[in-house]
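Participant: Attaching a single structure in structure tokens format; questions to follow.
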């Protein structure tokens, strides 16, 4: 598993380099069929990752965001497949606030078993492949990640800048002792819960499986979980790859 994670980290960094090249240029923004924005960085990074995954394991199908947007849906009837979001947080990329990530996850039997997330601007590389393996690397240094006990002053809740149902989020916050609400883009929210820098990330809006799989694997490796509002583990390989509303949390944090 260490070798697999190492290869995925190399792929994520390589894709992140491609993303940064576009980020530092005068790029154009187009709109996909679902009205979401896309740049040439999305496709360029996906090409790097998909080719690398095919070279690594050509028998494992790849569910990648841009390919799916183009109508290329692979057969995932087996028990393993990859989920790839080459540029999560495209709006953050467009606004140039640095809060975007490259995401690669391996799914087995509906569960995310390996996850790698790279934040190119921050040069932060998060990874996880089972209990106790979550870590982050930055500037040549690495440290293990673990969720935290909620502090006495109240929980830190993460939310998206623009997406999600505001009324549902407000109702959720009223049921908790909240110290602060921090708004952040992309899968970095899952990483911050895994790192013990926040306690809860409730998502009351549309997400796709490739948005969450890598961060889910990392959070579970750090001792946390991602559950539906009914308390069930979030599963992968669903029809259409749409996620229901969910709550990501440290295990010690009450919902």
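Numbering (my numbering), first residue to last: 199 to 453.
We treat Cβ as the ideally placed atom computed from N, Cα and C, and that holds for glycine.
The structure displayed is predicted, hence computed values, not measured ones.
1. Going by CA-CA distance only, name the one from 439, 269, 201 and 209 that's closest to residue 248.
2. Report all residues from its chain with a CB closer than 6 Å to the CB of residue 311; omit the five preceding and five following residues, and keep chain order.
3. For residue 354 and residue 219, I'd like the C-alpha separation in whole angstroms.
4. Using the DSSP secondary-structure output, state which residues sit across from residue 305 in a beta bridge.
5. Would you mind sorting residue 224 into buried or exposed? The rule is 16 or more other CB atoms within 10 Å of its CB.
6. Where does the unbroken beta strand (DSSP E) through residue 378 begin, and where does it stop?
7. Evaluate contact between the stretch 368-388 and the stretch 325-333, counting only Cβ atoms and requiring at least three cross-stretch pairs below 8 Å.
8. Quick one: using the 10 Å Cβ neighbour count with 16 as the cut-off for buried, is residue 240 buried or exposed?
9. So what does residue 423 bridge to, in DSSP terms?
10. Can you name the residues that DSSP bridges to residue 322?
11. Check whether the Cβ atoms of residue 382 and residue 297 sit closer than 7 Å, and answer yes or no.
12. Are three or more beta carbon pairs between the stretch 313-322 and the stretch 432-452 nearer than 8 Å?
Facilitator: Based on what the coordinates show:
1. 209
2. 304
3. 34 Å
4. 279 and 310
5. exposed
6. 376-381
7. no
8. buried
9. 447
10. 317 and 336
11. yes
12. no
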